[in-house]
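First residue of the sequence shown: 442, per the working numbering; consecutive thereafter.
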Amino acid sequence: MDSYVVHIVDDEEPVRKSLAFLLTMIGFRVEVHESATSYLAAAPHSGKTCLVTDLRMPDMSGVDLLEKMKERGCMVPAVVISGHGDVPMAVAAMKAGAVDFIEKPFEDEVLVEAIKRAASQFDETPAREDVESLRARLNELSERERQVLSGVVAGQPNKTIAHDLGISPRTVEVHRANIMAKMEARSLPGLVRMMMALDSTV
C-alpha cells in the first residue's frame, strides 16, 4: 500500500487530519489539500495515486472536481464522501469517474476498502467471474424489479418511479428492498457501482 499516494481533498481541517491519520496508520502515503482548486494546482496526477474528496466544498464540488479532471484527461481513481448523499449525487459521482460514493458517518473500514478498490484499478481489471456473478444476480430480478432498478439508478424518487410504472410508492419500496437483497447490495451507492460495472462490460 505504501506505493500508492492517497490525496485527501476536504475544506474542513479536522476531517483532513483525522483521515490522514487513519490512512497513514494503515500504511498509505497521504497528502492533504484544503480545496479542489489547490489539488488541481498541485496536479498530482502521475504515478499510483488515489483521490478521496468531499462532495460539498465552497470552491468546487467533488463531482465538479472529477469532471474537471476528466476534461484534462486525468483519470485518477476517486472515492467521494458526503454527509448529504442521495442517489442522484451518487449517480453523478460515478458517472464522473468515482470508484465509490460513501455517506457520512461511515466506519473506517468502509473507507479503507473503497480506497483499496480504487487502488486496485492500477492492477488487474475486475475478475471476469465477479462480473458474471453480478450478471447472474441481475438475471434473477423480475421484469418489474428491473424497471424499478432502472429508475433507481437514474436517480428518480419513489413517487416518480411509481407514477411512471402505474404502481404505488409503497410497492416501489418493496421492489427496491427485493432488488437490494437479490443484488446483495449493502447501500444504494453500492448498487449504482454494481450497475456501472456491468455497463462497462457491455
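Note that the Cβ used here is the ideal one computed from N, Cα and C, for glycine as well. All values reported here derive from a predicted model rather than from experimental measurement.
By alpha-carbon positions, which one of the options ends up nearest to residue i?
i	options	result
residue 497	630, 506 and 489	506
residue 451	553, 500 and 634	500
residue 578	624, 598, 604 and 535	624
residue 475	523, 483 and 468	483
residue 457	636, 495 and 595	495
residue 558	478, 462 and 635	635
residue 469	453, 477, 479 and 489	489
residue 530	598, 615 and 455	598
residue 478	508, 524, 573 and 528	508
residue 629	532, 640 and 571	532
residue 382	536, 471 and 600	The displayed coordinates of the chain run from 442 to 643. Any statement about residue 382 would go beyond what the structure contains.
residue 522	513, 551, 601 and 640	551
With which residues is residue i paired in a DSSP beta bridge?
i	result
residue 628	DSSP lists no partner for residue 628.
residue 448	472 and 492
residue 539	519
Would you please state the rounded distance, in angstroms, between the beta carbons of residue i and residue j? I believe it to be under 8 Å.
i	j	result
residue 447	residue 556	6 Å
residue 638	residue 632	With a Cβ gap of about 11 Å, residue 638 and residue 632 do not count as contacting.
residue 534	residue 504	5 Å
residue 613	residue 603	5 Å
residue 463	residue 493	So it is not a contact: roughly 11 Å between Cβ atoms.
residue 595	residue 491	No, residue 595 and residue 491 are not in contact; Cβ-Cβ is about 28 Å, not under 8 Å.
Does the ligand COA have a heavy atom nearer than 6 Å to the CB of residue i?
i	result
residue 531	The model depicted lacks the ligand COA and carries no ligand whatsoever.
Using 8 Å as the cut-off, can you tell me whether the segment 509-519 makes contact with the segment 579-595, which would need three or more C-beta pairs spanning the two stretches below that distance?
Short answer: they don't touch.
Hey, is the segment 587-606 in contact with the segment 541-556, meaning 3+ C-beta pairs nearer than 8 Å?
Too few Cβ pairs lie closer than 8 Å, so no.
Which runs of the alpha helix (DSSP H) fall wholly inside the segment 459-483 and span at least 4 residues, in chain order?
Listed in chain order, they are 477-483.
Looking at C-beta atoms only, is the number of pairs between the segment 524-540 and the segment 602-619 that lie closer than 8 Å three or more?
Counting Cβ pairs under 8 Å, fewer than three are found: no touch.
Restricting to runs no shorter than 4 residues, where is the alpha helix (DSSP H) found entirely within the segment 498-527?
Complete alpha helix (DSSP H) runs here, min 4: 503-512.
Complete runs of the alpha helix (DSSP H) confined to the segment 576-624 [at least 4 residues]
Runs of the alpha helix (DSSP H) inside the segment 576-624: 584-594, 599-606 and 610-624.
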